[in-house]
Amino acid sequence: MTTEGETNIHGSRDAFRLAFKRGLLEDGETWMDMIKSRTLTSHTYNEDVAEKIAADILNRYYSEFVTLQTTMESLKEARP
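Residue 96 is where the sequence shown starts when you use my numbering, and the numbers rise one by one after that.
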């Protein structure tokens with residue numbers, strides 16, 4: 096996004112917010128939840144938390160990545 100004039104991106108939250116604003120991500124809340132899950136996995140050693148995050152990956156996060164891939168492929172094909 097820096098090639099598009101965006102220079103104020105300091106972390107994943109900034110990047111996700113901007114991507115959502117630009118229409119690259121459909122469900123901004125789910126992407127923010129991914130950041131929370133990533134943080135939890137780095138600092139929590141609890142099996143119940145790990146199981147919930149694993150379920151979220153399968154039931155929520157994976158489909159967001161598939162949607163993003165489709166969006167990016169469409170944008171690539173539309174570029175001159």
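Built from N, CA and C at the ideal position, the CB exists for glycine as well.
Local Cβ density within 10 Å of residue i, reported as buried at 16 or more and exposed below that
i	result
Met40	Residue 40 lies beyond the range of the chain shown here (96 to 175); nothing can be said about it.
Ile152	exposed
Simplified DSSP assignment, three categories, for residue i
i	result
Thr139	coil
Asn103	coil
Arg174	coil
Arg117	coil
Nearest neighbour of residue i, chosen from the options [CA to CA]
i	options	result
Lys131	Leu120, Glu121, Ala145, Gly118	Ala145
Tyr156	Asp143, Leu120, His105, Pro175	Leu120
Glu159	Asp143, Gly123, Glu172	Gly123
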